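Asker: In the working numbering, the protein residues as written are 12 to 420.
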Amino acid sequence: MRQSQLFGKTFKEAPKDEVSVNAVLLARAGFIDKVSAGIYTYLPLGLRVLNKVQNIIREEMNAIGGQEIRMPALHPKELWATTGRWTDPGDEVMFQFKTKSDKEYGLGWTHEEVVTPLVKKFVQSYKDLPIYLYQIQDKFRNEPRAKSGLMRGIEFSMKDLYSFHRDEQDLEAYYQKALAAYQVIFKRCGLDSLVTEASGGSFSKYSHEFQVLTEYGEDTIYYCDACDFSQNKEVAEVKSGDTCPRCNRGTVTEGKAIEVGNIFQLKNKYSDPFKLEYTDEDGTKKSVMMGCYGIGPSRVMGSIVEVHHDDGGMIWPDSVAPFQAHLISLGEDDSATTVYKELIAAGVEVLFDDRGVSAGQKFADADLIGIPYRLVISKKTKGKIEIKKRNSTDASLEDTTAVLALLKS
RNA sequence: CGGGGUGUAGCGUAGCUGGCUAGCGCGUCUGGUUUGGGACCAGAAGGUCGCAGGUUCGAAUCCUGUCACCCCGACCA
């Protein structure tokens, strides 16, 4: 992509209506644009990152048997009346409205009410189970207070997977698989997530949250500095300074964290209201056991910025960076264009700064945008390419072959 | 929904206490000189001062209402 053609510009100053690091940097770098509180447009750079996060999630969901579907965002009241959630907590978090002919709808903030009747249409026998369905879609939650950029929107991206099982043992086994998959996802996104015991909220008693330690976290957690023990303050049985009850060696520490994912065992909570049953081998009818598993890709994106940045801007992990390389021409457009074409031909995702602006502005923008590798071509590079990682101060001069080898490694 | 704060050009802001032709920086446009860390010179365009009422000879400035946005809290992924 030629930067001269890229839609979006960088800004020297932070927008006055953003304070959080993720919102300030993403807006300054031209990744997102705020439409209203908690509602953002993803510009080309931002959408590339969001798509990469979503694709990582997609790959790991597919790897544990997930099949992707797409459910509607617009839900008729009747489905929600079945579970009682049209009024509680639906009247709190759900955007609800009437058509001119008084038909009532709500915008989906979770999808048990749609996926359960869907599965009921296709599952009658134990032979039809288990099933794992997921989607990646925008959710709507009428938050009393949207804030902190991508960390809490009222419209936000969410991946929600729902699993359907014969019995609790099968649910439990899959729950553990999903938990492991989640750890892989966050690691691939460059986040250290803590598997945190949590209350079930409006879902169930048995759940885990995936928390990332960050200043802009909204949760307080207690975690062990030696093992993987972690509890949400809401359910904590320990306090800061305690010896870890799991490993008996480490010390429990208090920290602010952001919840980037959560998993629940719903069991029969939603299958029963919808009479989602199957006939078992012995001929008896039984309730389908359900689990649900959520990740907020947009919140993941915001969290990555919160964790990976410096004074100059963002520092994207390779896996989610909008481009792999940022090629900068300093008055050497012809040779830079040749290199650009070579990189494209080699399958490298490259942003080519071919703008007629000063060297200083190009460097500053490159730091702000945060693409992992910076490639400079100028008089000084004498036919070679200067390559530097965003998170390093060391640069070296290489030829195209060596640069390609580095980018492909 | 409680408490606090802010709305002035595309962006960031000064002016408001003490009413009278709205200023600056960035960005944009034109011409020229530049090119290794947000360049320089010369010129130019761009504003119903969030919106609606009111007071006044006269309102960005004072009064009332309203909307939006930010922060803290409550709530939540």
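Just so it is clear, CB atoms sit at the ideal spot from N, CA and C, and this is done for glycine as well.
Keep in mind it's a predicted model, so treat the numbers as computed, not measured.
Consult DSSP for glutamate 295 and reduce its assignment to one of helix, strand or coil.
Answerer: Inspection of the sequence shows that residue 295 is occupied by threonine rather than by glutamate. Correct three-state label for threonine 295: coil.
Asker: Which runs of the beta strand (DSSP E) spanning at least 3 residues fall entirely within the segment 103-134, listed in chain order?
Answerer: Counting only runs of 3 or more, we get 107-109, 115-118.
Asker: Taking the CB atoms as reference points, tell me whether leucine 85 and leucine 118 lie closer together than 8 Å.
Answerer: Cβ atoms of leucine 85 and leucine 118: closer than 8 Å.
Asker: Distance, Cα to Cα, tyrosine 116 vs serine 136?
Answerer: Their Cα atoms are separated by approximately 32 Å.
Asker: DSSP three-state call for asparagine 62: helix, strand or coil?
Answerer: Three-state result, asparagine 62: helix.
Asker: Just confirm the distance between the C-beta atoms of isoleucine 382 and proline 328, as a whole number of angstroms; I'd bet it's less than 8 Å.
Answerer: At roughly 11 Å, the Cβ-Cβ gap does not stay under 8 Å, so isoleucine 382 and proline 328 are not in contact.
Asker: Taking a contact to mean a Cβ-Cβ separation below 8 Å, would you say phenylalanine 167 touches glycine 302 in this structure?
Answerer: No, the pair does not count as a contact, with Cβ atoms beyond the cut-off.
Asker: In three-state DSSP terms, what is lysine 419?
Answerer: In the structure shown, lysine 419 sits in a helix (DSSP, three-state: H, G or I).
Asker: Do leucine 341 and valine 350 have their C-beta atoms closer together than 8 Å?
Answerer: No, they are not a contact pair.
Asker: So, does the segment 44-62 touch the segment 77-97, judging by three or more C-beta pairs under 8 Å?
Answerer: These segments do not touch.
Asker: So for serine 15, helix, strand or coil by DSSP?
Answerer: If DSSP states are grouped into helix, strand and coil, serine 15 belongs with coil.
Asker: Tell me the rounded alpha-carbon separation between proline 155 and serine 47.
Answerer: In a straight line, the C-alpha of proline 155 is about 14 Å away from that of serine 47.
Asker: If you count every other CB in all the chains shown that lies within 10 Å of the CB of arginine 96, and 16 or more means buried, which is it?
Answerer: It counts as buried.
Asker: Within 10 angstroms of the Cβ of lysine 20, are there 16 or more other Cβ atoms? Answer buried if so, exposed if not.
Answerer: Label assigned to lysine 20: exposed.
Asker: So the candidates are Ile274, Pro256, Gly252; which of them puts its Cα closest to the Cα of glutamate 265?
Answerer: Per the Cα distances, Gly252.
Asker: If we count Cβ pairs, one from each stretch, closer than 8 Å, do we get three or more for the segment 277-295 versus the segment 226-237?
Answerer: Touching, no, given that fewer than three Cβ pairs across the two stretches are closer than 8 Å.
Asker: Should the segment 174-188 be regarded as contacting the segment 61-70, the criterion being three or more beta carbon pairs within less than 8 Å?
Answerer: No contact exists between the segment 174-188 and the segment 61-70.
Asker: Beta-carbon within less than 7 Å of valine 126's beta-carbon, same chain only, minus the 5 sequence neighbours each way: which residues are those?
Answerer: Only Met82, Leu144, Tyr173 meet the Cβ criterion.
Asker: Per DSSP, threonine 290 forms a beta bridge with which residues?
Answerer: Answer is Ser136, Lys296, bridged to threonine 290.
Asker: In three-state DSSP terms, what is glycine 324?
Answerer: Three-state result, glycine 324: strand.
Asker: Would you report the Cα separation of leucine 205 and aspartate 239, rounded to the nearest angstrom?
Answerer: Their backbone Cα atoms lie some 7 Å apart in a straight line.
Asker: Extract the residue ranges of the beta strand (DSSP E) inside the segment 316-395, only unbroken runs of 3 or more that lie entirely within it.
Answerer: If we require 3 residues or more, the beta strand (DSSP E) runs fully inside the segment 316-395 come out as 336-340, 361-364, 384-388.
Asker: Looking only at its chain, what residues have a beta carbon closer than 6 Å to the beta carbon of serine 389, apart from the 5 residues adjacent to it on each side?
Answerer: The answer, listed in chain order, is Leu341, Glu343.
Asker: Please say whether valine 249 and proline 256 have beta carbons closer to each other than 8 Å?
Answerer: Contact flag set, yes.
Asker: Can you give, in chain order, each stretch of the alpha helix (DSSP H) that sits fully within the segment 178-218 and has at least 4 residues?
Answerer: Qualifying alpha helix (DSSP H) stretches, in chain order: 179-199.
Asker: For phenylalanine 133, I'd like the list of residues in its chain whose CB is within less than 6 Å of its CB, leaving aside the five on either flank, ordered along the chain.
Answerer: So the list is empty, once near-sequence residues are dropped.
Asker: Assuming contact is defined by CB atoms lying nearer than 8 Å, are valine 361 and alanine 336 in contact in what I supplied?
Answerer: Yes, the Cβ-Cβ distance between valine 361 and alanine 336 is below 8 Å.
Asker: Taking glutamate 265 as part of the beta strand (DSSP E), name the residues at either end of that continuous run.
Answerer: 263-278 is the extent of the beta strand (DSSP E) around glutamate 265.
Asker: With DSSP run on the structure shown, which of helix, strand or coil describes leucine 161?
Answerer: Three-state result, leucine 161: helix.
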